[in-house]
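Novice: Okay, handing you the structure first.
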Amino acid sequence: MNFLATLRVALLALRVNKMRSALTMLGIIIGVAAVIIMIAVGNGAQARVEDQIRSLGSNIIMVLSGSTMAGGARGGSGSQPTIFEDDAYALNREVEEIQAAAPTLRGTGQVIAGNANWSTSFYGTTPEYLDVREWAITEGRNFEAAEMNGAGKVALIGLTVAKNLFGDQSPVDQVIRVRKVPLVVIGVLDRKGQSMTGQDQVDIILMPISTARKRVLGAAQAKNRSVTTIMVKVRDGADMATADARMRELLRQRHRLQQGQDDDFFVRNLSEILQAQEASSKVMALLLAAVASVSLLVGGIGIMNIMLVSVTERTREIGLRMAVGARSRDILTQFLVEATTLSLIGGAIGILLGVSGAMLIADLASWRTELSASSIVLAAGFAGVVGIFFGYYPARKASRLLPIEALRYE
Amino acid sequence: MAETLIRVERLAKEYRMGSNIVMALRGVSLTIARGEFVAVMGPSGSGKSTFMNLLGCLDHPSEGAYWLDDEEVSRLSGDALAITRNRKLGFVFQHFNLLARTTALDNVSLPLLYSEVPASERKQLAAHRLQQVGLAERMDHHPSQLSGGQQQRVAIARALVNNPKLVLADEPTGALDSRTSIEIMALLQQLNREGITIVVVTHEHDVADFAGRIITFRDGQVMEDKTNVANDAAAMLT
Numbered sequence: 123m124n125f126l127a128t129l130r131v132a133l134l135a136l137r138v139n140k141m142r143s144a145l146t147m148l149g150i151i152i153g154v155a156a157v158i159i160m161i162a163v164g165n166g167a168q169a170r171v172e173d174q175i176r177s178l179g180s181n182i183i184m185v186l187s188g189s190t191m192a193g194g195a196r197g198g199s200g201s202q203p204t205i206f207e208d209d210a211y212a213l214n215r216e217v218e219e220i221q222a223a224a225p226t227l228r229g230t231g232q233v234i235a236g237n238a239n240w241s242t243s244f245y246g247t248t249p250e251y252l253d254v255r256e257w258a259i260t261e262g263r264n265f266e267a268a269e270m271n272g273a274g275k276v277a278l279i280g281l282t283v284a285k286n287l288f289g290d291q292s293p294v295d296q297v298i299r300v301r302k303v304p305l306v307v308i309g310v311l312d313r314k315g316q317s318m319t320g321q322d323q324v325d326i327i328l329m330p331i332s333t334a335r336k337r338v339l340g341a342a343q344a345k346n347r348s349v350t351t352i353m354v355k356v357r358d359g360a361d362m363a364t365a366d367a368r369m370r371e372l373l374r375q376r377h378r379l380q381q382g383q384d385d386d387f388f389v390r391n392l393s394e395i396l397q398a399q400e401a402s403s404k405v406m407a408l409l410l411a412a413v414a415s416v417s418l419l420v421g422g423i424g425i426m427n428i429m430l431v432s433v434t435e436r437t438r439e440i441g442l443r444m445a446v447g448a449r450s451r452d453i454l455t456q457f458l459v460e461a462t463t464l465s466l467i468g469g470a471i472g473i474l475l476g477v478s479g480a481m482l483i484a485d486l487a488s489w490r491t492e493l494s495a496s497s498i499v500l501a502a503g504f505a506g507v508v509g510i511f512f513g514y515y516p517a518r519k520a521s522r523l524l525p526i527e528a529l530r531y532e
Numbered sequence: 056m057a058e059t060l061i062r063v064e065r066l067a068k069e070y071r072m073g074s075n076i077v078m079a080l081r082g083v084s085l086t087i088a089r090g091e092f093v094a095v096m097g098p099s100g101s102g103k104s105t106f107m108n109l110l111g112c113l114d115h116p117s118e119g120a121y122w123l124d125d126e127e128v129s130r131l132s133g134d135a136l137a138i139t140r141n142r143k144l145g146f147v148f149q150h151f152n153l154l155a156r157t158t159a160l161d162n163v164s165l166p167l168l169y170s171e172v173p174a175s176e177r178k179q180l181a182a183h184r185l186q187q188v189g190l191a192e193r194m195d196h197h198p199s200q201l202s203g204g205q206q207q208r209v210a211i212a213r214a215l216v217n218n219p220k221l222v223l224a225d226e227p228t229g230a231l232d233s234r235t236s237i238e239i240m241a242l243l244q245q246l247n248r249e250g251i252t253i254v255v256v257t258h259e260h261d262v263a264d265f266a267g268r269i270i271t272f273r274d275g276q277v278m279e280d281k282t283n284v285a286n287d288a289a290a291m292l293t
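These protein sequence lines are chains A and B, in that order.
Everything in the first sequence is counted per my numbering, starting at 123 for the first residue and increasing by one.
Everything in the second sequence is counted per my numbering, starting at 56 for the first residue and increasing by one.
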């Protein structure tokens with residue numbers, strides 16, 4: 123008996139017992155649909171987390187000054203000025219993976235406007251800073267070249283500063299005094315939530331780096347062109363590790379560091395967070411796989427159960443088939459094909475249900491779901507394997523029946 | 056004497072029932088010629104069913120030899136026996152053993168599924184046999200839509216579909232009323248006249264009387280083997 127004939131016999135047997143076949147498939151249908159929906163929801167959630175992390179700036183690298191070494195005691199980072207404005211410009215120019223690099227000079231101080239005052243931090247930087255932080259201006263404009271070169275007396279202020287100094291009034295074109303230096307407000311920065319350290323990111327004043335150096339911070343900084351940090355944004359799609367490595371290489375070269383000498387700067391990025399997120403998504407995937415395999419296992423046991431019942435119920439049929447010439451392997455294949463066909467049809471229905479279920483969830487619950495081809499292929503493959511695996515035992519039991527006993531079975 | 060179809064020599068079969076060994080058959084030797092119509096009789100436990108199972112290649116003998124159609128089938132393996140059953144034997148059972156919710160035509164085609172008959176010819180062969188047993192009009196009926204006699208006719212058509220050398224009927228009228236029983240026996244007699252060798256197992260003398268030879272078993276041995284002037288079943292129906 124060839125395979126096509128066996129398939130036809132199996133299909134006929136399944137059609138003869140429609141209700142039982144449908145109930146048997148139910149386990150597999152639910153299992154496969156659950157797998158697909160869970161993976162779609164899981165992928166969607168993961169993508170959302172990724173987006174959120176990206177919005178915090180997962181592609182931002184910070185370069186900090188190195189530490190001093192005085193009599194064996196090492197200072198903290200930034201205790202010795204080792205990175206300079208020109209390093210930032212060089213990074214911008216020479217490292218392909220970098221979209222923008224902004225030098226910053228940080229200071230803190232009291233800010234006065236009219237009779238209001240507020241203590242905050244201020245940054246001397248370049249127009250690229252807003253690009254790096256993906257920060258928008260709600261009102262006003264960014265710095266212009268003339269202001270950058272001429273230490274223009276201008277400033278961009280964050281929303282918190284604007285509220286505290288001006289209340290509901292528009293701060294644009296108003297004058298604020300930062301460490302007694304009068305600066306004209308040219309724009310207000312958009313709301314951007316909090317940084318990961320809990321710091322309010324809108325409690326900030328930005329000014330051209332030349333203004334900060336020459337007018338606000340005063341003599342100590344005016345001597346050289348050192349900066350506190352360089353904020354670097356890596357291009358979308360570029361590899362963080364490559365960008366990191368090429369940055370280090372360029373900085374070491376510019377700082378004339380010998381082979382084997384330590385870096386005289388620190389590089390920080392959010393890769394720790396990415397790693398944590400990767401780890402958590404791995405746990406998530408593992409969990410999904412566990413739940414999925416449990417439901418498919420239960421579906422498989424359902425198939426085995428029904429197939430065993432079916433073998434017992436059809437003992438006389440098996441005996442008859444043997445009497446008219448079926449060999450054991452014909453019986454074995456017939457029942458195996460029946461089980462596999464059940465689970466494959468169940469799998470197909472499960473895929474349909476799963477896909478439409480995932481879409482429905484996206485639609486009704488407005489959860490983000492992402493269907494993946496691999497999960498569908500996996501679920502279908504698993505359904506087939508389950509059919510063969512759990513169908514084998516009942517099929518073997520059927521094929522080992524003795525024809526005379528099977529024929530007499532009541 | 057016509058050509059031999061079946062020859063058994065010192066055929067014996069023992070069953071193990073727990074610690075007891077039951078001798079179901081104790082050395083039976085006989086021959087059946089082609090074209091014979093034989094009835095096998097005997098009370099229950101006489102070994103007639105065991106003998107039938109061995110003739111039907113459904114079981115292996117413990118001892119002795121069995122030649123069917125010049126082939127020693129007592130030495131064949133399970134798969135080879137299945138092929139022998141498929142090519143040379145047709146079975147008719149007391150309870151018909153038709154597949155439920157399956158058409159008469161598909162029931163009759165069943166043995167062909169396990170043969171080398173191409174799929175295209177199966178339906179045609181099955182339809183021909185159904186016609187032969189007088190059920191040309193009922194090919195698409197399920198067993199539940201047929202009377203007992205009609206179901207047994209379907210079973211006979213199924214036994215004939217692979218053109219067997221021998222048809223074995225185990226109490227073929229056991230589940231039928233007397234008139235239907237005679238109809239079925241008439242059909243078997245007619246098939247026998249057309250050249251098919253038939254062995255019927257029965258415990259009813261009325262049924263055995265339609266055969267040309269009656270073999271009676273007792274205690275696992277042949278007690279009596281006699282020729283019989285067969286009643287003509289067809290004549291009794293008119």
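Using N, Cα and C, we set each Cβ at its ideal position, and we do this for glycine too.
Ends of the beta strand (DSSP E) at Y531 of chain A?
Specialist: Working through the first sequence from its first residue, we reach residue 531 of chain A at position 409. No beta strand (DSSP E) contains Y531 of chain A, which DSSP labels as neither H nor E.
Novice: Which residues in the same chain have their Cβ closer than 6 Å to the Cβ of A360 of chain A, if we skip the five residues on either side of it in sequence?
Specialist: Here residue 360 of chain A refers to the residue found at position 238 when the first sequence is read from its first residue. E219.
Novice: Would you mind giving the Cβ-Cβ distance between A117 of chain A and L215 of chain B, rounded to the nearest angstrom? I have them listed as a contact below 8 Å.
Specialist: No statement about residue 117 of chain A is possible, as the shown extent of chain A runs from 123 to 532 and does not include it.
Novice: Please list the terminal residues of the continuous alpha helix (DSSP H) segment that includes Q381 of chain A.
Specialist: Counting from 1 along the first sequence, the entry for residue 381 of chain A is found at position 259. Note, Q381 of chain A: premise wrong, no alpha helix (DSSP H); not H, not E.
Novice: Just the C-alpha distance for V300 of chain A and M270 of chain A, rounded to the nearest angstrom, thanks.
Specialist: Taking the first sequence and counting its residues from 1, the one referred to as residue 300 of chain A is at position 178. Taking the first sequence and counting its residues from 1, the one referred to as residue 270 of chain A is at position 148. Whole-angstrom Cα-Cα distance: 17 Å.
Novice: Can you list the residues of chain A that G133 of chain B reaches, using a CB-CB cut of under 7 Å?
Specialist: Counting from one through the second sequence, the residue named residue 133 of chain B turns up at place 78. Near G133 of chain B (Cβ distances below 7 Å), the residues of chain A are S450.
Novice: Should A528 of chain A and R449 of chain A be called a contact, given that it needs their Cβ atoms to be closer than 8 Å?
Specialist: On the first sequence, position 406 is the one that residue 528 of chain A refers to. On the first sequence, position 327 is the one that residue 449 of chain A refers to. No, the Cβ-Cβ distance between A528 of chain A and R449 of chain A is not below 8 Å.
Novice: Which residue wins for smallest C-alpha separation from N286 of chain B, given the options B:D264, B:L66, B:V256, B:G73?
Specialist: Walking along the second sequence from the start, residue 286 of chain B turns up at place 231. Considering only alpha carbons, the answer is B:D264.
Novice: In three-state terms, what does DSSP make of Y535 of chain A?
Specialist: The question about residue 535 of chain A has no answer, for chain A in this structure spans 123 to 532.
Novice: For M426 of chain A, which option in A:R518, A:I183, A:S478 has the closest C-alpha, if you only look at C-alpha atoms?
Specialist: Counting from 1 along the first sequence, the entry for residue 426 of chain A is found at position 304. Nearest C-alpha to M426 of chain A: A:R518.
Novice: How about M141 of chain A: is its C-beta nearer than 8 Å to some C-beta of chain B?
Specialist: Taking the first sequence and counting its residues from 1, one reaches residue 141 of chain A at position 19. Closer than 8 Å: no.
Novice: Could you spell out where the alpha helix (DSSP H) holding R234 of chain B opens and where it closes?
Specialist: Here residue 234 of chain B refers to the residue found at position 179 when the second sequence is read from its first residue. Where R234 of chain B is concerned, the enclosing alpha helix (DSSP H) stretches over 233 to 248.
Novice: So is the beta-carbon of L126 of chain A under 7 Å away from any non-hydrogen atom of the ligand HEM?
Specialist: For the structure depicted, the ligand HEM is absent and the ligand set is empty, with no information on it obtainable.
Novice: Given a threshold of 16 other Cβ atoms within 10 Å of its Cβ, counted over all protein chains shown, does E238 of chain B qualify as buried or as exposed?
Specialist: Indexing the second sequence from 1 puts residue 238 of chain B at position 183. E238 of chain B comes out buried.
Novice: Please determine if the region 226 to 240 of chain A and the region 364 to 381 of chain A are in contact, where contact requires at least 3 C-beta pairs separated by less than 8 Å.
Specialist: No: the two stretches stay apart, fewer than three of their Cβ pairs being nearer than 8 Å.
Novice: Return yes when the Cβ of V171 of chain A is within less than 8 Å of the Cβ of Q383 of chain A, no when it is not.
Specialist: As a first step, residue 383 of chain A must be located in the first sequence, where it is residue number 261. As a first step, residue 171 of chain A must be located in the first sequence, where it is residue number 49. No; because the gap between Cβ atoms is not below 8 Å, this pair is not in contact.
Novice: In chain order, what are the residue ranges of uninterrupted beta strand (DSSP E) at least 3 long that sit wholly in the region 115 to 199 of chain B?
Specialist: Fully enclosed beta strand (DSSP E) runs of 3 or longer: 118 to 123, 144 to 147.
Novice: In chain order, what residues of the same chain lie with their CB nearer than 6 Å to the CB of V338 of chain A, ignoring the 5 residues before and after it?
Specialist: As a first step, residue 338 of chain A must be located in the first sequence, where it is residue number 216. Taken in chain order, the residues that qualify are V300, R301, V303.
Novice: Put Q207 of chain B into one of helix, strand or coil per three-state DSSP.
Specialist: Taking the first residue of the second sequence as 1, we reach residue 207 of chain B at position 152. Residue state, collapsed to three classes: helix.
Novice: Is any beta-carbon of chain A found at less than 8 Å from that of P166 of chain B?
Specialist: To locate residue 166 of chain B, count along the second sequence from 1; it is residue 111. P166 of chain B counts as touching chain A.
Novice: E439 of chain A versus chain B: which residues are under 7 Å apart at the beta carbon?
Specialist: For this step, residue 439 of chain A is matched to residue 317 along the first sequence. Residues of chain B passing the Cβ test: L154.
Novice: Using the C-alpha atoms, what's the distance from N139 of chain A back to G506 of chain A?
Specialist: For this step, residue 506 of chain A is matched to residue 384 along the first sequence. For this step, residue 139 of chain A is matched to residue 17 along the first sequence. Each residue's Cα considered, the two are about 21 Å apart.
Novice: Note down, in chain order, each residue of its chain lying with its Cβ closer than 6 Å to the Cβ of A132 of chain A, except the 5 sequence neighbours on either side.
Specialist: Residue mapping note: residue 132 of chain A aligns to position 10 of the first sequence, counting from 1. Within the same chain, A132 of chain A has close Cβ partners Q456, V459, E460, T463.
Novice: With DSSP collapsed to three states, give me the class of K68 of chain B.
Specialist: By 1-based counting over the second sequence, the position of residue 68 of chain B is 13. In the structure shown, K68 of chain B sits in a strand (DSSP, three-state: E or B).
Novice: Does the beta-carbon of V310 of chain A have 16 or more other beta-carbons within 10 angstroms, so that it is buried, or is it exposed?
Specialist: As a working mapping, residue 310 of chain A is identified with position 188 in the first sequence. Classification for V310 of chain A: buried.
Novice: For the region 63 to 80 of chain B, enumerate the residues whose C-beta is nearer than 9 Å to any C-beta of chain A, in chain order.
Specialist: Taking 9 Å as the Cβ-Cβ cut-off against chain A, none of the residues of the region 63 to 80 of chain B qualify.
Novice: Do you know how far the Cα of P227 of chain B is from the Cα of H150 of chain B?
Specialist: As a working mapping, residue 150 of chain B is identified with position 95 in the second sequence. As a working mapping, residue 227 of chain B is identified with position 172 in the second sequence. Going by the C-alpha atoms only, they are around 8 Å apart.
Novice: Got a sec? Which residues, its chain only, sit under 8 Å from L145 of chain A by beta carbon, not counting five neighbours each side?
Specialist: Mapped onto the first sequence, residue 145 of chain A falls at position 23. Excluding positions up to five away in sequence, the list reads I428.
Novice: Determine the chain B residues that contact P516 of chain A at a beta-carbon separation under 7 Å, and present them in chain order.
Specialist: Counting from one through the first sequence, the residue named residue 516 of chain A turns up at place 394. Going along chain B, no residue has its Cβ under 7 Å from P516 of chain A, so there is no contact; the nearest lies around 19 Å.
Novice: Over what stretch of residues does the alpha helix (DSSP H) that includes K285 of chain A continue unbroken?
Specialist: Taking the first residue of the first sequence as position 1, residue 285 of chain A is located at position 163. Start and end: 281 to 288.
Novice: What residues in its chain sit with their C-beta under 7 Å from that of A230 of chain B, if we drop five residues either side in the sequence?
Specialist: On the second sequence, residue 230 of chain B is found 175 positions in, with the first residue counted as 1. The residues are Q149, H150, G203.
Novice: At a CB-CB cut-off below 8 Å, which residues of chain A make contact with I87 of chain B?
Specialist: Your numbering for residue 87 of chain B matches position 32 in the second sequence. Going along chain A, no residue has its Cβ under 8 Å from I87 of chain B, so there is no contact; the nearest lies around 20 Å.
Novice: At a cut of 8 Å, does the region 193 to 213 of chain B reach the region 469 to 486 of chain A through at least three beta carbon pairs?
Specialist: No contact exists between the region 193 to 213 of chain B and the region 469 to 486 of chain A.
Novice: Who are the neighbours of A159 of chain B on chain A, taking C-beta pairs under 8 Å?
Specialist: Working through the second sequence from its first residue, we reach residue 159 of chain B at position 104. The premise fails here: A159 of chain B is roughly 14 Å from chain A at the closest Cβ pair, so nothing lies under 8 Å.
Novice: Among residues of its own chain, excluding the 5 on either side of R347 of chain A, which ones have a beta-carbon nearer than 7 Å to its beta-carbon?
Specialist: The count along the first sequence starts at 1 and reaches residue 347 of chain A at position 225. Excluding residues within five positions, the ones whose Cβ falls inside 7 Å are F206, E207, D208.
Novice: Give the straight-line distance between the Cα atoms of A120 of chain B and L110 of chain B, rounded to the nearest whole angstrom.
Specialist: Taking the second sequence and counting its residues from 1, the one referred to as residue 120 of chain B is at position 65. Taking the second sequence and counting its residues from 1, the one referred to as residue 110 of chain B is at position 55. Roughly 11 Å between the two C-alpha positions.
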